[in-house]
Structure formats: C-alpha cells, structure tokens
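*Asks:*
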Amino acid sequence: MQQLNETLLEFIDLHINDDLNQLALKAQKYKDIPIPFIITQIHGRLKAKKKLPFLLQNKEIIYPKKISMEQCSSEISAKYKAKLFAGDKMIDLTGGFGIDCLIFAENFREVHYVERDLELCEIVSNNANILGIKNLKVINTNSEELIKASKNNYDLIYVDPSRRDEHKSKVVNFQDCQPNIIELKNHILKTGTKLLIKASPLLDIKLAIEQLGNISTIHIVSIKNDCKELLFEIDNQAGISPNIKCVNFINQDKIMVFVTELNTEKNALVEYGFPEKFLFEPNTSIMKAGLFKSVSQNLNLRKLHSNSHLYTFNRWQENLPGRVFEIENIINFNKKELRKLQNLKKANITARNFPLTVQQIRKKTGLTEGGDIFLFATTNLNNDLIIIKSKKIM
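Convert by adding 475 to the 1-based position in the sequence shown; the result is the number in my numbering.
1. On the three-state DSSP scale, how would you describe Y555?
2. I'd like to check one pair, I536 with K554: are the Cβ atoms closer than 8 Å?
3. In chain order, which continuous runs of the beta strand (DSSP E) of length 3 or greater are located wholly inside the stretch 792–868?
4. Looking at T854 and N828, is the spacing between their C-beta atoms short of 8 Å?
5. On the DSSP letters alone, give me the boundaries of the beta strand (DSSP E) that N700 sits inside.
6. Taking the alpha-carbon positions, what's the N628 to K665 distance?
7. For the putative contact between S769 and I695, defined by C-beta atoms under 8 Å, what is the C-beta separation to the nearest angstrom?
8. Terminal residues of the continuous alpha helix (DSSP H) containing M476?
9. If you measure between the beta carbons of I672 and I709, is that distance less than 8 Å?
10. Do you know offhand how far D507's Cα is from L606's?
11. How is the alpha helix (DSSP H) around P757 delimited, first residue to last?
12. Is the Cβ-Cβ distance between S691 and V722 less than 8 Å?
13. According to DSSP, simplified to helix, strand and coil, what is D635?
14. Would you kindly report the start and end of the unbroken beta strand (DSSP E) that includes V647?
15. Which residue comes first and which comes last in the beta strand (DSSP E) that contains G714?
16. Within 10 Å of its beta-carbon, does K524 have 16 or more other beta-carbons around it, so buried, or fewer, so exposed?
17. Evaluate I868 with the Cβ neighbour count: other Cβ atoms within 10 Å of its Cβ, from every protein chain shown; 16 or more gives buried, anything less gives exposed.
18. Whole angstroms are fine: how far does the CA of P636 sit from the CA of A674?
19. Bridge partners for C576 per DSSP, in chain order?
20. For K681, name the three-state secondary structure that DSSP assigns.
21. For the stretch 513–530 and the stretch 481–491, state whether three or more C-beta atom pairs, one from each stretch, are separated by less than 8 Å.
22. Could you tell me the boundaries of the beta strand (DSSP E) in which R584 lies?
23. May I ask which residues mark the beginning and end of the beta strand (DSSP E) holding T668?
24. To the nearest angstrom, how far is the alpha carbon of I656 from that of G714?
25. Going by DSSP, what residue range makes up the beta strand (DSSP E) through E736?
26. Tell me whether G688 is buried or exposed, calling it buried when 16 or more other Cβ atoms sit within 10 Å of its Cβ.
27. Between the C-alpha atoms of M544 and Y538, what's the straight-line distance to the nearest angstrom?
28. Keeping to the same chain, check which residues put their C-beta closer than 8 Å to that of A499; ignore five residues upstream and five downstream.
29. Are three or more beta carbon pairs between the stretch 585–596 and the stretch 606–619 nearer than 8 Å?
30. Are the beta-carbon atoms of F755 and L795 separated by less than 8 Å?
31. Compute every distance between the C-beta of P539 and the non-hydrogen atoms of the ligand FAD, then say whether any falls below 7 Å.
32. By the DSSP assignment, the beta strand (DSSP E) with F486 in it spans what residues?
33. Would R814 be called buried (16 or more neighbouring beta carbons within 10 Å of its own) or exposed?
34. Apart from the five residues just before and just after I730, which ones in its own chain have a Cβ nearer than 6 Å to its Cβ?
35. Determine the DSSP secondary structure at I508, reduced to helix, strand or coil.
36. Considering only the beta carbon of each residue, do F753 and E801 sit closer than 8 Å?
Given below as structure tokens:
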C-alpha cells in the first residue's frame, strides 16, 4: 500500500481543485509523484465532503479506489446502523472501506473486519490507527470460508454483498451478489444471534422477504428523500410479519420515521376522498416500502385514488413523513381548463397515475422547470384527469 508523506500531502492540497483528467495526462511532468494514487486520494476527499465528513478531520486518512468509495456506507447511514446494535463482539464479512466497522467499534468491545482484498485491509488498518480505534481486528481472508469454519459467537454479523459481477457490471439481486447471502444465511445464523444485511435500494422488497425469511425488521433508509439502502435484520426468533421502518434523514440531526408491520399494511383500511385543503406526498422510503394503505390509516389521510399514492387532509398536521402542499386550485385536464395556467411561466411538475409524462405535460402547457408553484398531474376518484396547483409548505 502506498503511504502518504508530507510531500504527497502538500501535492494533494495544491491540486485538490484540479481537473483530475488533466492531472492524469500530466503524469510524466511529476515523475516522483504517484499520480494514479494522488488522483484516488483527491477523488476520495471530494467524495468524503458530503458522504464521510468525519474523515476530513485527519489528512492522513487513505482513501480506496472509486468503486469502494461508491459502495461504502455514508457517515449518516453508518451511524444509524450503529445505533441499532451494541454488544461484545461483531463481525463484518464484507469489509470494503470499513466505514461501518469504524463506527460500529464505538458500540462493541471487539469488531472483526473481514476482506479478501489485501490493499483494502491495509487501508482500513491504517485508518483505524489514525482514528485511534484499538478494538478493530483486520482479517484478510475469504469470508465464506471463514464463517463456515468459525467457532466464534457473535452478537451481530453484518454483510454488505458486493453489487458487481465478474464483468464489473452492477447487479441488484442477492443471488447475483458476492457473497451469495441466500446460500450463506443458514451458516451465518449458526454463529450469530443477529444478522444484518445491507442491500441495494433497487432490490424488490417482496422478493427479498420470500428469499430470506426470518426477517424481524426491514429498514428503508433515505437521505434528503433519496433512498440509499435497504437493511434486513434477521434472526431465528423472527415472526412471520416483519416490522417495516421507513427512515428519511432531512439532515444529520433531523430524522423522519414511519413504522408499521407487514401484516398491518396488508389489512389496513384506506379512506378515499377528493382534494381538500392540503396535499401530502409520502417520502421515498415509504414509497419504496409500498406502505400506501398504512399511510392513510395511521395518519388519518384520504387517498385521492387507489393508484395515485397522493393524499389529502383539511386539518393541519405536524411532522408528516413527506412533502406537504397547500392546494390553490384544481384544474381539469382539458384545453379550456388549462388556460388557467397561461399566466404561469414555470412550475415544478409531478405526474402520478397520469397518462402523460412530465415532459409531455411541459410541452402541452409550455411551462419550464422551477419556481414556487407545484403542479400534480393525477387521477381523482371519478377517474377524471386533473392538475392540482399548490405551494409547498414543508
């Protein structure tokens, strides 16, 4: 592993804002500088500004290649996971850049980091030393072989399967990832009381429930309304109806949470209604979870249509898990009614359960993107096509 020294640190500081493609082309100009390594470090620092700000406090942190930076957990999501568990000993079978391990180390007496890539092991060992983390054990081996032979008892086993195939193409389903968690699950449960699996936000949750079984809780984690990861808590005592926990971080300090059970969603009663004073759009975690009936029942909201996933209410409610708009006007989607929009130059448009795309609606209305007006193109209870003109409140 390439080490950082004062010369390289000064070079990084000097070129931190450079065009990295241009810097790569000038490699011959800096014969004593390992330019590919420098580019990796600059890319890592830039990525860490938003994703891993706690690492920027120490310039001696070494960053891995781009692919490892892409798949590693963010600081926000890693801290969220760490708050869920504590105990004596845990193991991460897919160590990667080690962000989860570094943060889990605060809550466990001993943390085992397992990774078959030697360079990543060296990077994580270096970074743990710099951060003063003494309870992290780095193990350079094949995790599948280790877990099958292990006699250790872990309080938590964590797996974040690699979502790249042998051709470096992105994959989503468990059976296409490495390690194949479906094949390993039974071996893993023999060595740990809890198993936590991180998965792609694109994974089909219903399929995952069928494939995994023994799921106690599913966490859908979003940051600023962008779904980042799915987490599956598995143990031998799990019931048949997992908890569904929808989490959206507004920022590092503010979090919105909506929780229900799978069976509650199946049996929930939905109340329908025409647009009232306010319009509610669930956040991406709820949308991903498909908790469309529970939102209506638990929050006392009326759904506009069975397929629209937009809700309405008259009396103001605080801290709803999504965006809230005050309705200004309801416009039927026909040539005559659309004239009511002719004084508008721009608007934010969303299409839900509507035959036209946002681009087609823009072409028809001549509206550009932006401004403080929000238009929702949707279908009401009478199956009429409507546009709801509104302003965002929260």
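Ideal placement from N, C-alpha and C gives every residue a C-beta, glycine not left out.
*Replies:* Looking at the atomic coordinates:
1. Taking the sequence shown and counting its residues from 1, one reaches residue 555 at position 80. Y555: helix per DSSP, three-state reduction.
2. One-based indexing of the sequence shown puts residue 554 at position 79. One-based indexing of the sequence shown puts residue 536 at position 61. It is not a contact, given that the beta carbons lie outside the stated cut-off.
3. Correct list: 797–807, 823–826, 848–854 and 860–867.
4. Looking up residue 828 in the sequence shown gives position 353. Looking up residue 854 in the sequence shown gives position 379. When the beta-carbon positions are compared, N828 and T854 come within less than 8 Å of each other.
5. The residue labelled residue 700 in the question sits at position 225 within the sequence shown. Run containing N700: none; DSSP gives neither H nor E here.
6. In the sequence shown, residue 628 corresponds to position 153, counting from 1. In the sequence shown, residue 665 corresponds to position 190, counting from 1. The alpha-carbon atoms of N628 and K665 are separated by roughly 9 Å.
7. Within the sequence shown, numbered from 1, the residue matching residue 769 stands at position 294. Within the sequence shown, numbered from 1, the residue matching residue 695 stands at position 220. Cβ-Cβ separation between S769 and I695: approximately 13 Å, too far for a contact (criterion under 8 Å).
8. Numbered from its first residue, the sequence shown carries residue 476 at position 1. First-last for M476: undefined, no H or E at that position.
9. Along the sequence shown, read from residue 1 onward, the residue named residue 672 stands at position 197. Along the sequence shown, read from residue 1 onward, the residue named residue 709 stands at position 234. Cβ atoms of I672 and I709: closer than 8 Å.
10. Counted from its first residue, the sequence shown places residue 507 at position 32. Counted from its first residue, the sequence shown places residue 606 at position 131. So the alpha carbons of these two residues sit roughly 29 Å apart.
11. Taking the sequence shown and counting its residues from 1, one reaches residue 757 at position 282. No alpha helix (DSSP H) contains P757, which is instead part of the beta strand (DSSP E) from F753 to P757.
12. Looking up residue 691 in the sequence shown gives position 216. Looking up residue 722 in the sequence shown gives position 247. In this structure, V722 does not lie closer than 8 Å to S691 by Cβ.
13. The residue labelled residue 635 in the question sits at position 160 within the sequence shown. Three-state result, D635: coil.
14. Along the sequence shown, one-based indexing puts residue 647 at 172. Per DSSP, V647 belongs to no beta strand (DSSP E) and is neither H nor E.
15. Sequence index remark: in the sequence shown, residue 714 carries index 239 (1-based). Note, G714: premise wrong, no beta strand (DSSP E); not H, not E.
16. On the sequence shown, residue 524 is found 49 positions in, with the first residue counted as 1. Within 10 angstroms of the beta-carbon of K524 lie fewer than 16 other beta-carbons, which makes it exposed.
17. Reading the sequence shown from its first residue, position 393 is the one you call residue 868. I868 should be labelled exposed.
18. As a first step, residue 674 must be located in the sequence shown, where it is residue number 199. As a first step, residue 636 must be located in the sequence shown, where it is residue number 161. As the crow flies, the alpha-carbon of A674 is around 7 Å from that of P636.
19. Within the sequence shown, numbered from 1, the residue matching residue 576 stands at position 101. Per DSSP, C576 has no beta bridge partner at all.
20. Residue numbering aside, residue 681 sits at position 206 when the sequence shown is read from its first letter. K681 falls in the helix class under three-state DSSP.
21. Contact between the stretch 513–530 and the stretch 481–491 is present: 3 or more CB-CB pairs across the two stretches fall below 8 Å.
22. To locate residue 584, count along the sequence shown from 1; it is residue 109. Going by DSSP, R584 is part of the beta strand (DSSP E) stretching over F583 to V589.
23. Locating residue 668 in the sequence shown gives position 193, counting from the first residue. Where T668 is concerned, there is no enclosing beta strand (DSSP E), given that its DSSP letter is neither H nor E.
24. Taking the sequence shown and counting its residues from 1, one reaches residue 656 at position 181. Taking the sequence shown and counting its residues from 1, one reaches residue 714 at position 239. I656 and G714: Cα-Cα distance of roughly 20 Å.
25. Against the sequence shown, residue 736 aligns to sequence position 261. Per DSSP, E736 belongs to the beta strand (DSSP E) from I730 to E736.
26. Along the sequence shown, read from residue 1 onward, the residue named residue 688 stands at position 213. By the neighbour-count criterion, in which 16 or more other beta carbons inside 10 Å mark a residue as buried, G688 falls on the exposed side.
27. To locate residue 544, count along the sequence shown from 1; it is residue 69. To locate residue 538, count along the sequence shown from 1; it is residue 63. Spanning the two alpha carbons is a distance of roughly 8 Å.
28. On the sequence shown, residue 499 is found 24 positions in, with the first residue counted as 1. I510, P511 and I514.
29. The stretch 585–596 vs the stretch 606–619: in contact.
30. In the sequence shown, residue 755 corresponds to position 280, counting from 1. In the sequence shown, residue 795 corresponds to position 320, counting from 1. It is a contact, given that the beta carbons lie within the stated cut-off.
31. Judged by which ligands are present, the structure shown has none, so any question about the ligand FAD falls away.
32. Taking the sequence shown and counting its residues from 1, the one referred to as residue 486 is at position 11. That residue, F486, is in no beta strand (DSSP E); its alpha helix (DSSP H) goes E481 to H490.
33. Translated into the one-based positions of the sequence shown, residue 814 becomes position 339. Classification of R814: exposed, given that the 10 Å Cβ count is below 16.
34. Residue mapping note: residue 730 aligns to position 255 of the sequence shown, counting from 1. Answer for I730: F724, listed in chain order.
35. As a first step, residue 508 must be located in the sequence shown, where it is residue number 33. When DSSP states are grouped into helix, strand and coil, I508 belongs to the coil group.
36. Indexing the sequence shown from 1 puts residue 753 at position 278. Indexing the sequence shown from 1 puts residue 801 at position 326. Contact: yes.
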